[in-house]
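Counting in this note's numbering, the sequence shown runs from 2 upward without gaps.
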Amino acid sequence: MIKNRKILAALILAMAVPFTMTASAQQPKQIKVGTFKLIHMMAPVWWERFLPKDVKVEIVYFASSLDIEKAVVNGNVDFGEYGTTAALIAGAQGDPQVIIGDAARKASASRP
């Protein structure tokens, strides 16, 4: 469990660095992430616990994975938490995609 938290913190910090370097020293830095309001995709709610105090997370909720993907491509959010299927569909249509990791582990329809 501790190892997973360290990996998550390192991943969040790695994603936050490009966005935090452009802000001035007086202003808090902000990361804007798109996700769903579903229990298996709520990790961004706790990200601020692992970030430096001057980095804030703004969560924008969407209705579909493709909506999140389009928001990332258009620059409305810094990055999104959505499924690999949407990323593959968007990549096939020519949208740039970088898959960082798995958010739902075996997806939301998995059984124990």
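C-beta atoms are modelled at their ideal positions from N, C-alpha and C, and glycine is treated no differently.
Subject >> Closest Cα partner of Gln-94 within the set Leu-67, Gly-81 and Gly-35 >> reply: Counting from one through the sequence shown, the residue named residue 94 turns up at place 93. Taking each of Leu-67, Gly-81 and Gly-35 in turn and checking the Cα distance to Gln-94, the smallest one comes out for Leu-67.
Subject >> Pairwise C-alpha distance: Phe-63 and Asn-75 >> reply: Taking the first residue of the sequence shown as 1, we reach residue 75 at position 74. Taking the first residue of the sequence shown as 1, we reach residue 63 at position 62. Straight through space, the alpha carbons of Phe-63 and Asn-75 are spaced by roughly 14 Å.
**OP:** Go to Gly-102, then tell me how far its alpha helix (DSSP H) extends in each direction, as first and last residue.
**Re:** By 1-based counting over the sequence shown, the position of residue 102 is 101. Here Gly-102 belongs to no alpha helix (DSSP H), and DSSP marks it neither H nor E.
**OP:** May I ask which residues mark the beginning and end of the alpha helix (DSSP H) holding Gly-92?
**Re:** Stepping through the sequence shown from its first residue, residue 92 is reached at position 91. That run of the alpha helix (DSSP H) goes 85–93.
Subject >> Three-state class that DSSP yields for Glu-59 in the structure shown >> reply: As a position in the sequence shown, residue 59 is number 58, starting the count at 1. The answer is strand: DSSP assigns Glu-59 an E or B state.
Original post:
Quick one: what does DSSP say Lys-33 is sitting in, helix, strand or coil?
Top reply: On the sequence shown, residue 33 is found 32 positions in, with the first residue counted as 1. Lys-33: strand per DSSP, three-state reduction.
Original post:
Where does the unbroken alpha helix (DSSP H) through Asn-77 begin, and where does it stop?
Top reply: Taking the first residue of the sequence shown as position 1, residue 77 is located at position 76. Where Asn-77 is concerned, there is no enclosing alpha helix (DSSP H), given that its DSSP letter is neither H nor E.
Original post:
With 16 other CB atoms within 10 Å as the buried threshold, where does Thr-36 fall?
Top reply: For the purposes of this step, residue 36 is taken as the residue at position 35 of the sequence shown. So Thr-36 counts as buried.
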